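Below: one structure, written as structure tokens.
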Amino acid sequence: MPTEDVYNRIPMLRAERGVSRKDLAAALGVHYQTIGYLERGEYSPSLFLALRIAEYFEVPLEVVFSLKPFPRLGSEVK
1 MPTEDVYNRI PMLRAERGVS RKDLAAALGV HYQTIGYLER GEYSPSLFLA LRIAEYFEVP
61 LEVVFSLKPF PRLGSEVK
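Taking full-length UniProt numbering, the leading residue of the sequence shown gets 1, the next gets one more, and so forth.
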């Protein structure tokens, strides 16, 4: 049975835009620790929260979340 890991780029998107965990949490109406749990992969978001995160960063959902690990920046795409 496959694992239910959900990978994300929330830390990268926050860093690119200069957004703190607390600011993102406030914009989404969640506790700032929830953002930390998401970033570390300790918590998978509901579909509603995942869509709101993608909307906040103005990117498609698949830019933020994936069922497979994202390739490291600068690595070859195969």
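Every residue gets a Cβ at the ideal spot worked out from N, C-alpha and C, and that includes glycine.
Remember, it's a predicted structure, so these values are computed and weren't measured experimentally.
Mind checking residue i: buried by the 16 CB within 10 Å criterion, or exposed?
i, result
"LEU47", "exposed"
"VAL64", "buried"
"PRO45", "buried"
Rank the options by C-alpha distance to the C-alpha of residue i and give the top, closest one.
i, options, result
"GLU16", "ARG72, THR34, PHE57 and PHE70", "PHE57"
"ARG21", "ILE35, GLU62, ASN8 and LEU13", "ILE35"
"ARG14", "LYS68, PRO71 and ALA54", "ALA54"
"ARG72", "MET12, HIS31 and GLU4", "MET12"
"VAL59", "GLU4, VAL6 and ILE10", "ILE10"
Exercise for review: Scan the UniProt domain "HTH cro/C1-type" (13 to 64) and note each continuous alpha helix (DSSP H) run of 4 residues or more that stays entirely inside, going in chain order.
Suggested key: 21 to 28, 32 to 39, 47 to 57 and 61 to 64
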